[in-house]
Every structure is written in C-alpha cells, then in structure tokens.
Amino acid sequence: MIFPVPNTMPAWLDGRAVEQQLERIFLHPDFSSSEILKRFLTFVVQETLTGNANCLKEYTIALKVLQKPVNFNPQKNCIVRIHAGRLRRALYHYYNAPGADDEIIIGIPKGKYVPVFMDRQQWLEESLLNKSYEVNRSHAETEPLTFAILPFNYHSANEATRTFLDDLCLQISSALSQVKQISVISYQVVKSMADSYSDLKELSSALRFNHIISVGAQYQQNKSRVNIQIIDCHYYRQIWSRVFDCTITDSNLFEVQDGICQVITNQASNYSGINIKNQTI
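Sequence positions in the sequence shown follow this note's numbering and run 10 to 290.
Given below as structure tokens:
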C-alpha cells in the first residue's frame, strides 16, 4: 500500500478522536492477534501527537517497542523494518474492509516511521493524485538510476584523508554524471545533509536517490587504502564493493583517482537500462 503523504497536518486532528480510531483499528484480527503491532502503532502515534515525531527512528522503536538492548544495531538487524512492513499491511487490510468508511485515516508511509493522518475526503483526493503518478511511472520500462556519493567516517578522519576523500568523491560524482541514463545528486548537497538523517532510506527519500556509493579511505603519507561500496537504498543491500591499495605521489595522484573512478563508472554503467530490482552486479 503506497500511502499518500499530505502537505499539512489536518486542522481537525484531535487526540481523543485518534485514540478512538486506534481502538477501532485494534479490533481487526491483524491487530487483535498481535501485541507487537498494537504497541508499534500506539507508540508512533502517541509520539507524533506529543511533538516527538523527530525521535521516531529505527533504534528508538527497537528499544521502546520491541524491548531490544541498548547495543541493538539496526544496520545488522532488520527486525524493526520487518514489523513496520507488517504494520503497513495490517493497516491496509483494515482500511480496505471494516475501516473503509472511517473518517480518520492513519498510515505509515514506506521508508518512514512517522504516521500521517487524513480525513476521508483528503484521503480520496491524495489517493487519486497518487494513482495518477503510479500510472505515469509504470509507463517507464525501468526505474531511473540515481546515485549519491557519500564519504564514510569523514568527520573522524584527519585533514589529509578528508581532503583526499573530498577530491575523490567529487571526481566520482563528475565521472558518473557523464554516464547516459544515470543521475547524480550533488556531492556537496549530500554531504551537507547526511548528518541530519540517521536512516539511509530517509536520506534517500529526501534527496530522491536509489543507490549510494560509500567511499572510505585510510591515507598516510603516500599510501592509501580506499574502500568503495555500492548500496541499494531500497533494500539496504550491498551490491558491489572493492578495496583499492594505492601508492600515491605528487605525479600519479590524478592517475590513481582516474583509475578508481573508471572502475566505479564501469560497474554503475552495467545498470543502465536494467531493472535495478532484479539485477545484481
């Protein structure tokens, strides 16, 4: 279920009305048989209504809803995303059966954990716009490839490594922008916004890219180890990686960067014109 996201919070939104709506939703078998789904939806709704929507991150939900330990690592454990998917399906089942005529619609947009609220009329209007978008999108044979280049462990690196990373990321961005059927988000924009998002999907949704190229480097004197990863943002799937060990001098710096960029460009080019959901490099 693709939940349309309204531009503004409904003026009629009332905490008591939302509580009553939750009570109706929880009568549905998908919820009455699952304490986790009830806790999950109750938590994200209450946090949103009390002004804490910005705290609804994967880690917080793992601790508060699923009672995971403080050392929980959302990059290694996808349990929150699994239950979020179950929650979206359960809401879909409810609003397509007993809740079809309800005046308050509660949904969790894909890639996010913050709920949105609509009245019935707003839901219908947004749904029509969303269906129109999906029809137009389905006419395209493939999803456009859009890459973002992001340095890894940038702030903990020394000045020489940060300079090397910046130069390399800028060159990768420039090289990829020359590839037909590939779009590249400005490196400076991605770097400036990355710290504001703890979740990769949230950043990719905000800037509208579907793949990220993570660039890490260790740089000492004239030696460098560069670690490159290409990640599918839809599924958190690492689809390609390579480690480059380089000896760098003043005379070959550009040659080394050109060589790394060429390898990355070749890999990215393999995706051009291919359905990214079914193809692996």
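We put the CB at the ideal spot given by N, CA and C, even for glycine. Remember, it's a predicted structure, so these values are computed and weren't measured experimentally.
Whether residue i touches residue j by CB criterion (7 Å)
i, j, result
"tyrosine 196", "serine 182", "yes"
"tyrosine 101", "histidine 37", "no"
"leucine 222", "isoleucine 239", "Correcting the residue identity first, residue 222 is isoleucine in this sequence and not leucine. Yes."
"phenylalanine 156", "histidine 220", "yes"
"asparagine 231", "valine 252", "no"
"glutamine 271", "tryptophan 249", "no"
"leucine 159", "valine 199", "yes"
"leucine 96", "phenylalanine 49", "yes"
"tyrosine 228", "alanine 184", "no"
"leucine 174", "alanine 226", "yes"
According to DSSP, residues forming a beta bridge with residue i
i, result
"glutamine 238", "Ser223 and Ser250"
"leucine 159", "Ser223"
"valine 125", "Gly116"
"leucine 212", "DSSP lists no partner for leucine 212."
"threonine 256", "Lys232"
"leucine 154", "Ile191"
Buried versus exposed call for residue i [16 or more other C-beta atoms within 10 Å across all chains shown]
i, result
"phenylalanine 218", "buried"
"glutamine 266", "buried"
"aspartate 23", "exposed"
"proline 153", "exposed"
"glycine 60", "exposed"
"leucine 72", "exposed"
"valine 74", "buried"
"glycine 116", "buried"
"alanine 109", "exposed"
"serine 233", "buried"
"asparagine 279", "exposed"
"alanine 106", "exposed"
"isoleucine 91", "exposed"
"threonine 289", "Residue placement at threonine 289 cannot be trusted, given a pLDDT of 35 that sits under 50; the coordinates are not used to answer."
"asparagine 284", "For asparagine 284, the predicted model reports a pLDDT of 37, less than 50, meaning its position is unreliable; a value from the coordinates is still stated below. With fewer than 16 other Cβ atoms within 10 Å, it is exposed."
Rounded Cβ spacing between residue i and residue j (contact assumed at less than 8 Å)
i, j, result
"leucine 65", "glutamate 56", "6 Å"
"threonine 274", "valine 188", "6 Å"
"valine 125", "alanine 62", "With a Cβ gap of about 10 Å, valine 125 and alanine 62 do not count as contacting."
"valine 54", "isoleucine 113", "So it is not a contact: roughly 11 Å between Cβ atoms."
"phenylalanine 161", "valine 224", "6 Å"
"serine 214", "glycine 120", "5 Å"
"proline 83", "glutamate 67", "4 Å"
"arginine 25", "aspartate 111", "About 15 Å separates the two Cβ atoms, so there is no contact after all."
"leucine 209", "isoleucine 269", "Their Cβ separation, rounded to whole angstroms, is 23 Å, which puts leucine 209 and isoleucine 269 out of contact at 8 Å."
Runs of 4 residues minimum, wholly inside the segment 180 to 208: which ones carry the alpha helix (DSSP H) assignment?
Fully enclosed alpha helix (DSSP H) runs of no fewer than 4 residues occupy 196 to 203 of the segment 180 to 208, in order along the chain.
Within the segment 20 to 55, ranges of the alpha helix (DSSP H) (whole runs, at least 4 residues)
Counting only unbroken stretches of 4 or more residues, the alpha helix (DSSP H) elements lying wholly within the segment 20 to 55 are 24 to 34 and 38 to 41, in sequence order.
Within the segment 69 to 120, note down every full beta strand (DSSP E) run reaching 3 residues or more, in order along the chain.
If we require 3 residues or more, the beta strand (DSSP E) runs fully inside the segment 69 to 120 come out as 113 to 116.
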